[in-house]
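Each residue of the sequence shown is one higher than the one before, starting from 432 at the first, in our numbering.
Heads up, the beta-carbon is just placed ideally off N, CA and C, and yes, glycines get one too.
Being a predicted model, the structure only gives us computed values, none of them experimental.
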Amino acid sequence: VYRSVMVHHNFKSFQNILWRDNPEEELKCLQLQTVTWGLKPSAYLATRCLIELADIYKDKYPLAAAALENNTYIDDILCGAKDIEETLSLQNELISLLTLGHFQLHKWVANSSELLRNIPPEKCYFDNIKFDKNNNDYVKTLGIQYNVQSYCFKVYCPINNIEEITFTKRKVLSFIAKIYDPLGFLGPIITNAKIIMQRICCSKISWDETLPPDLYDMWKTFAEGLISMPSFKIKRDLNFAEAETTDVLGFCDASNVAHGCAIYCRVIKKDGSILTNLVCSKSRISPINEKLTIPRAELNSALLLALLIVKVHKILSRFINNVYIFSDSRVVLSWLKLNPYKLNNYVANRVSKINELTQNFKWNYIESNQNPSDLISRGTTPKTLANSRLWWKGPEFLTQPHLSILMQSEIESLKNIPEVKSYVATTKAEYLPVLTKFSSLQKLHRIIAYVLRFIHNTKNKRENIMRN
């Protein structure tokens with residue numbers, strides 16, 4: 432897509448390069464006419480051109496314009512439709528619209544042979560794709576392995592052997608970075624990896640120094656468990672097409688080492704059956720240099736959930752009927768009901784932000800043993816996560832038909848809420864200026880007496896002068 436976007440003539444001079452085929456030749460000045468890889472504005476320029484193209488021809492190609500605006504990331508278009516007829520129309524519109532902008536579509540992948548029937552083999556991602564659910568061919572979609580036939584993402588450990596590796600801080604960080612999981616499906620496992628990495632950083636060893644024995648054993652145990660875990664297959668389809676009601680539910684939790692949140696989709700189908708699926712998760716490790724109380728850590732997890740669920744709601748807004756958010760901290764729920772000015776600055780700032788983000792949603796209380804975010808705030812092993820229904824499907828009560836009856840939005844108010852500002856009421860005493868001019872109370876009494884006697888005698892000149 433970059434090489435199909437021309438650069439404005441005023442800026443082409445910034446893309447001059449010097450070149451020669453061998454040292455004996457004179458230098459040549461070459462000027463790149465199109466958007467170039469590696470430059471900071473390149474991704475924006477390419478995306479902006481696609482959006483402009485969609486805006487110009489949206490009346491003629493409505494399906495394609497919507498796909499370019501909502502389902503495109505740089506040069507990857509990820510879209511579909513509810514039936515084969517509409518999908519074919521979308522395909523034809525995309526080809527026609529992008530041809531107008533001199534963009535050529537290639538690396539086609541589809542779950543139906545009809546969609547690839549008129550596509551030349553050299554423009555397909557696979558040379559020979561099998562259109563059945565047992566097909567194990569995965570395509571890399573935005574860095575994630577995706578099987579178009581089974582509608583599943585695959586998340587796996589990219590390293591097979593660690594026996595001959597000498598673990599250093601650099602190699603551990605490289606190992607963790609290879610676990611690419613942008614949606615947080617393996618959030619509890621990544622939390623464990625982050626905790627170990629934080630402890631390695633606290634040990635003050637250099638980047639290429641071998642880990643101390645205790646950290647070495649801790650990391651090796653974790654890495655072996657990660658390598659032996661099966662590949663996780665996560666269903667992509669959230670069943671919106673068959674939904675009568677769709678709910679999005681967010682959960683947050685914190686511990687003394689990390690805090691995190693998880694978001695689930697709950698679909699009630701037209702036949703009355705209920706399906707739940709993990710949508711995404713996010714976690715943060717507690718800072719080393721700032722020891723947070725558990726209520727403050729819980730508040731940070733609530734803020735993280737508020738930020739994430741707003742993004743999810745924005746993306747899925749046309750499918751969603753209800754949004755519910757949960758915390759297992761009564762303190763945090765009590766803070767969210769107070770005016771921020773009554774709270775200390777740290778808490779008040781976060782409460783204000785949370786209330787601003789979630790003003791259209793309602794917070795509810797959940798017991799800790801039902802909270803799936805407990806796993807991401809403490810970390811867990813790959814084996815435990817693979818068998819955790821709580822993590823992949825959410826708490827059991829999500830499968831009940833009447834969800835609102837089971838939730839606790841009104842909780843008993845706490846008598847002593849921490850982080851509330853204390854106010855002291857005082858009475859301001861007003862003193863006569865004369866009281867500050869004498870250091871002796873006895874002398875002050877005498878002077879006041881003389882003044883009062885003078886006032887009395889002045890008002891009563893015709894009467895006997897008061898002597899006592």
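Item                                                                                                                                                                : Value
Check each candidate in Cys696, Phe442 and Lys722 and name the one with the smallest Cα separation from leucine 706.                                                : Cys696
Considering only residues of the same chain and omitting the five flanking positions on each side of histidine 690, which have a CB-CB separation below 8 Å?        : Cys683, Asp684, Ser714, Arg715, Ser717, Ala728, Glu729, Asn731, Ser732, Leu735 and Ser808
Is DSSP giving phenylalanine 598 helix, strand or coil here?                                                                                                        : coil
May I have the straight-line CA-CA distance separating valine 540 from valine 579, to the nearest angstrom?                                                         : 8 Å
Note the first and the last residue of the continuous alpha helix (DSSP H) segment covering asparagine 501.                                                         : 493 to 501
Between the C-alpha atoms of methionine 660 and aspartate 612, what's the straight-line distance to the nearest angstrom?                                           : 15 Å
Can you tell me whether alanine 674 is buried or exposed, with buried defined as 16 or more other CB within 10 angstroms of its CB?                                 : buried
Hey, how far is the Cα of glutamine 831 from the Cα of isoleucine 699?                                                                                              : 10 Å
Span of the alpha helix (DSSP H) holding threonine 974?                                                                                                             : The question about residue 974 has no answer here: the residues shown for the chain are numbered 432 through 899.
Pick out whichever of Lys773, Thr572, Leu494 and Pro619 has its Cα sitting closest to the Cα of threonine 812.                                                      : Pro619
Spatial neighbours of leucine 521 within its chain, please: C-beta separation below 6 Å, excluding the five flanking residues on both sides.                        : Leu494 and Ala512
Would you decide whether asparagine 800 is buried or exposed? Buried here means 16 or more other CB atoms lie within 10 Å of its CB.                                : exposed
So, valine 603 versus isoleucine 631, is the Cβ gap smaller than 8 Å?                                                                                               : yes
For the beta strand (DSSP E) containing tyrosine 647, list its first residue and its last residue.                                                                  : Not the beta strand (DSSP E): tyrosine 647 falls in the alpha helix (DSSP H), residues 644 to 659.
Once DSSP output is grouped into helix, strand and coil, what is the label at glutamate 640?                                                                        : coil
Grab me the residues of lysine 635's own chain with a C-beta within less than 7 Å of its C-beta, minus the 5 sequence neighbours each way, in chain order.          : none
Rounding to the nearest angstrom, what Cα-Cα distance links asparagine 591 and isoleucine 610 in this structure?                                                    : 13 Å
Please determine, among Ser544, Lys824, Cys480 and Tyr556, the residue with the shortest C-alpha to C-alpha distance to phenylalanine 534.                          : Cys480
Using beta-carbon positions only, say whether isoleucine 694 and phenylalanine 616 come within less than 8 Å of one another.                                        : no
For the structure I just gave you, are there three or more beta carbon pairs, one from the segment 787 to 805 and one from the segment 862 to 871, closer than 8 Å? : no
Just the Cα atoms here: how many angstroms apart are valine 741 and glutamate 457?                                                                                  : 58 Å
Determine the closest residue to tryptophan 794 out of Gln629, Leu680 and Asp668, with distance taken between C-alpha atoms.                                        : Leu680
Roughly how many whole angstroms lie between the Cα atoms of serine 748 and glutamate 500?                                                                          : 15 Å
Contact check, proline 849 vs valine 763 under 8 Å by CB: the rounded distance?                                                                                     : About 11 Å; that fails the 8 Å criterion.
From the DSSP output, which residues share a beta bridge with lysine 459?                                                                                           : Trp450
For leucine 519 and methionine 437, I'd like the C-alpha separation in whole angstroms.                                                                             : 30 Å
Sorry if obvious, but does the Cβ on threonine 641 come closer than 7 Å to a heavy atom of the ligand NAP?                                                          : The model on display carries no ligand, and the ligand NAP is accordingly not part of it.
Starting from the Cα of alanine 474, find the closest Cα among Phe445, Ile487, Asn441 and Arg434 and give me that residue.                                          : Arg434
How many Å lie between tyrosine 772 and serine 760 at the Cα?                                                                                                       : 21 Å
Contact check, leucine 669 vs asparagine 708 under 8 Å by CB: the rounded distance?                                                                                 : 6 Å
Of all Cβ atoms in chain D, is any one closer than 8 Å to the Cβ of serine 804?                                                                                     : Among the chains in the structure shown there is no chain D, since it carries only a single protein chain.
Can you check which of these residues, Thr478, Ile593, Pro803 and Ser662, is closest to valine 711 by C-alpha distance?                                             : The residue asked about is misnamed: residue 711 is cysteine in this sequence, not valine. For the residues Thr478, Ile593, Pro803 and Ser662, the minimum Cα distance to cysteine 711 belongs to Pro803.
Decide if phenylalanine 445 is buried, meaning its Cβ has at least 16 other Cβ atoms within 10 Å, or exposed.                                                       : exposed
Spatial neighbours of isoleucine 596 within its chain, please: C-beta separation below 7 Å, excluding the five flanking residues on both sides.                     : Lys602
If you run the structure through DSSP and keep just helix, strand and coil, what is valine 851?                                                                     : strand
Taking isoleucine 575 and threonine 677 to be in contact with their CB atoms under 8 Å, please state how far apart those CB atoms are, rounded to whole angstroms.  : The pair is not a contact, with the Cβ atoms about 23 Å apart (cut-off 8 Å).
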